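Trainee: I'd like to ask you about the structure that follows.
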Amino acid sequence: MNIAVVGTGYVGLVSAACFAELGHTVIGVDIDKEKVRKLKNGECTIYEPGLEEVLQRNLKSGRLSFTTDLTEALPAATVVFSAVATPPNEDFSADLKAVFIVAETVAQYANHDLVFVNKSTVPVGTGKECEQRIQRVLDQRGEKYRIPVVSNPEFLREGCAVRDTLEPDRIVVGINGNNWARKLMDELYHPLTRVGKPLLYMDRESAEIVKYASNGFLATKISFINMLSELCEKTGGNIRDIAQGMGLDDRIGPRFLHAGIGYGGSCFPKDVKALIALSNETGIPLPIVQATHDINDHQRKRFFDKFLSVLPASATVGIWGLSFKPKTDDMREAPSLDLIPMLTKAGHTVRVHDPIAMENAKKIIPDIEYAESPMAAAKDADAVIVLTEWDVFRGADLHELARDMKGPHLFDGRNIYEPKEVRDAGLTYYGIGIS
Ligand SMILES: NC(=O)c1ccc[n+]([C@@H]2O[C@H](COP(=O)([O-])OP(=O)(O)OC[C@H]3O[C@@H](n4cnc5c(N)ncnc54)[C@H](O)[C@@H]3O)[C@@H](O)[C@H]2O)c1
């Protein structure tokens with residue numbers, strides 16, 4: 006099938022490359038000229054394990070190509086995906102400008118029937134609004150093309166996005182009664198359903214809500230364990246043991262029960278905020294979601310406050326980890342972006358290391374020292390703080406670290422060390438809900 010994927014960021018690029026890998030002919034569209042230039046040359050514009058290989062293989066086969074011009078992609082496309090960003094507005098609602106621009110542009114230049122599929126995370130009702138906007142443009146043009154709007158939310162995780170796309174737990178498709186669109190979605194996902202991957206059909210509103218419900222629920226699990234970590238710090242109790250004791254219960258499961266400095270990234274914070282905005286807009290209370298958001302802010306703040314309180318004046322601080330989680334170069338809503346300005350404003354010297362995200366971080370925070378290795382970042386530091394649980398930090402030689410640092414403070418924002426091992430190395434340990 007011929008498809009177009011509009012927006013070639015973390016979701017769009019992976020989707021485009023993987024649809025080509027599954028045998029479709031795909032054209033990726035992005036307004037970012039430099040991105041498209043690199044992609045055409047087979048240069049991966051994001052760090053995502055396995056992606057470069059899939060990208061290059063499919064460029065070579067001719068099934069995958071890129072353009073900055075949506076009108077160039079439309080004549081051949083039967084299905085057009087929108088995978089543009091939907092960042093939070095000031096009032097927490099999702100900014101849908103890019104989605105509507107893409108929908109209206111498609112309607113403006115379509116010259117045949119096609120299906121418009123929303124892969125971006127969008128609030129319930131957005132599919133309906135896209136359909137109305139598309140119809141308005143078609144009416145203005147006096148054209149009778151059929152352009153139904155389908156919701157197909159994306160569940161991939163950065164860091165294992167290629168695998169998640171080629172081996173999804175489920176594919177969710179929301180269609181409001183259009184058999185032709187359903188037939189095309191069947192055909193599109195046939196390479197995955199053939200090998201047993203579940204494709205769930207539902208109405209478009211349900212599909213739009215499933216995405217927020219899933220992210221809201223996972224974020225709630227994280228905030229729940231983080232809430233209890235503060236209790237442990239007051240009463241005694243080890244949050245890791247508690248999480249294990251809970252997680253071995255089949256009904257609960259062990260994942261997303263790791264206490265830490267809270268969730269970040271491009272999805273959980275914004276999707277939780279969008280649910281809060283939806284609650285405000287509809288008047289339907291969503292108090293668990295609000296609490297999830299508040300706990301996440303509180304958790305980050307209380308750990309950073311503790312960190313700032315032990316630093317001497319004009320301290321040297323080593324930061325291990327910049328991206329919001331390991332195996333990605335994504336800096337969106339990363340804890341490092343909160344902490345580093347606090348430290349530099351207070352007159353401290355900041356030295357950082359991240360195995361992958363330093364190039365992206367330099368574009369946002371250029372005026373700090375970027376170190377070649379974790380130990381170089383920790384050299385002569387009064388305190389070191391772990392913000393991202395990259396494997397390279399887990400395996401650090403704590404005795405060497407203690408020798409190289411000037412001060413004794415090791416703040417473990419991801420609970421990756423055994424407190425006793427840190428103390429045995431001669432350092433002072435600060436974890437989350439463990440002592
Ligand atoms: N990143 C994730 O892990 C993830 C996972 C699931 C769902 N999502 C959702 O998918 C959507 C996309 O997220 P992302 O992380 O890929 O965003 P992103 O910022 O990485 O990519 C968006 C891309 O769209 C391009 N773009 C913007 N306007 C455009 C236009 N008018 N025409 C063509 N291209 C345009 C941008 O240049 C950019 O390359 C969001 O709604 C997000 O919530 C993201």
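If you're matching positions, the sequence shown starts at 6 in the numbering used here and goes up one per residue.
Using N, Cα and C, we set each Cβ at its ideal position, and we do this for glycine too.
Source: prediction; values computed, not measured.
Tell me which residues share the same chain as N181 and place their Cβ nearer than 7 angstroms to its Cβ, disregarding the 5 neighbours each side in the sequence.
Mentor: D208, R209
Trainee: Which residues count as close to ligand 1 when the rule is a CB under 6 angstroms from any of its heavy atoms, in chain order?
Mentor: One residue after another in chain order, those with a Cβ under 6 angstroms from a heavy atom of ligand 1 are V11, G12, T13, G14, Y15, V16, G17, V34, D35, I36, D37, K40, A88, V89, A90, T91, A103, I106, V107, S125, T126, E159, L161, E163, S271, C272.
Trainee: State yes or no: is the beta carbon of A186 nearer than 8 angstroms to at least one beta carbon in chain D?
Mentor: The displayed structure is made up of one protein chain only, and chain D is not part of it.
Trainee: Relative to the C-alpha of L56, which residue among R151, G14, L342 is closest?
Mentor: G14
Trainee: To the nearest angstrom, how far is the alpha carbon of F105 from that of D74?
Mentor: The straight-line gap from Cα to Cα measures roughly 17 angstroms.
Trainee: By a C-beta neighbour count over all protein chains shown, 10 Å radius and 16 as the cutoff for buried, is H263 buried or exposed?
Mentor: buried
Trainee: Quick check on T170: buried or exposed, where buried means 16 or more other Cβ atoms within 10 Å of its Cβ?
Mentor: buried
Trainee: Any idea which residues DSSP pairs W395 with across the strands?
Mentor: Per DSSP, W395 has no beta-bridge partner at all.
Trainee: Specify the secondary structure class of I8 as computed by DSSP and reduced to three states.
Mentor: Residue state, collapsed to three classes: strand.
Trainee: Going by alpha carbons, who is nearest to P153 out of L119, R146, A103?
Mentor: L119
Trainee: Where R68 and H298 are concerned, what is the direct C-alpha to C-alpha distance, given to the nearest angstrom?
Mentor: 42 angstroms
Trainee: Label R245 either buried or exposed according to how many other C-beta atoms from any shown protein chain fall within 10 Å of its C-beta, with 16 as the threshold for buried.
Mentor: The residue is buried, with at least 16 neighbouring Cβ atoms inside 10 Å.
Trainee: According to the Cβ coordinates, are L79 and A115 closer than 8 angstroms?
Mentor: yes
Trainee: Please report the residue range of the beta strand (DSSP E) in which Y434 lies.
Mentor: 433-435
Trainee: Rounded to whole angstroms, how far is the Cβ of A212 from the Cβ of P290, which I believe are closer than 8 angstroms?
Mentor: So it is not a contact: roughly 23 angstroms between Cβ atoms.
Trainee: Contact between the region 369-383 and the region 310-318: three or more CB pairs below 8 angstroms?
Mentor: no
Trainee: Quick check on E426: buried or exposed, where buried means 16 or more other Cβ atoms within 10 Å of its Cβ?
Mentor: exposed
Trainee: In angstroms, rounded to a whole number, what distance separates the CA positions of T76 and D255?
Mentor: 50 angstroms
Trainee: Checking the sheet assignment: what are the DSSP bridge partners for E374?
Mentor: R356
Trainee: Among F160, I439, F398, whose alpha-carbon lies nearest the alpha-carbon of G221?
Mentor: Ranking the options by Cα distance to G221, first place goes to F160.
Trainee: My guess is that P346 and G418 are in contact by the Cβ rule of under 8 angstroms, so how many angstroms apart are they, rounded?
Mentor: Actually they do not touch by this definition, with Cβ atoms about 17 angstroms apart.
Trainee: Give the list of continuous beta strand (DSSP E) stretches no shorter than 3 residues that lie fully inside the region 99-151.
Mentor: 120-123
Trainee: Give me the Cα-Cα distance between I36 and K102, rounded to the nearest whole angstrom.
Mentor: 14 angstroms
Trainee: Taking all protein chains shown into account, decide if R337 is buried (16 or more other Cβ within 10 angstroms of its Cβ) or exposed.
Mentor: buried
Trainee: In the DSSP assignment, the alpha helix (DSSP H) including V41 goes from what residue to what residue?
Mentor: 38-45
Trainee: Taking S20 and V10 to be in contact with their CB atoms under 8 angstroms, please state how far apart those CB atoms are, rounded to whole angstroms.
Mentor: The pair is a contact, with the Cβ atoms about 5 angstroms apart (cut-off 8 angstroms).
Trainee: If you follow the beta strand (DSSP E) that G326 is part of, which residue opens it and which one closes it?
Mentor: Unbroken run through G326: none, as it is neither H nor E.
Trainee: Closest by CA to Y375, which one among L415, I324, A218?
Mentor: I324
Trainee: Given this structure, state the Cα-to-Cα distance separating P413 from S271, to the nearest angstrom.
Mentor: Taking C-alpha positions only, P413 is separated from S271 by approximately 34 angstroms.
Trainee: Can you check whether the CB of F312 is closer than 8 angstroms to the CB of F416?
Mentor: yes
Trainee: Tell me, which residues are paired with M207 by DSSP?
Mentor: G179
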